[in-house]
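Participant: Input: one structure, supplied below.
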Amino acid sequence: MLARFTAISARRVPRVAPAGVRFYSPEDKLTNKERGEENIYVRQQEKEQLKKLKAAIEAKKKELADLEKQHAEVEKNSK
């Protein structure tokens, strides 16, 4: 009877695949290559955000210039 329970429990033990597990020391979480790739990716994302912000600033400057022109025309006509 005991042999039967140990055989059943032995079959039910979960098996863990050792592949894909990486252990890092607490000081070095990323290798130099991974750190470099991450830095490149972050810089590219920041460049894209800056381009969008600069385009938005230029659009707002144009809108401001148009509004100032309209304001000047209204002031000129009201006098």
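Throughout, the working numbering is defined as the position within the sequence shown, counted from one, plus 1.
Think of the CB as a built atom: it goes at the ideal place given N, C-alpha and C, for glycine as much as any other residue.
1) Where does K80 fall in DSSP's three states?
2) CA-CA distance, K1 and E38?
3) Tell me the rounded alpha-carbon separation between Q45 and K52.
Facilitator: Reading from the atomic positions:
1) Against the sequence shown, residue 80 aligns to sequence position 79. Residue state, collapsed to three classes: coil.
2) Lying outside 2 to 80, the shown extent of the chain, residue 1 is not represented and no answer is given.
3) Sequence index remark: in the sequence shown, residue 45 carries index 44 (1-based). Sequence index remark: in the sequence shown, residue 52 carries index 51 (1-based). Each residue's Cα considered, the two are about 11 Å apart.
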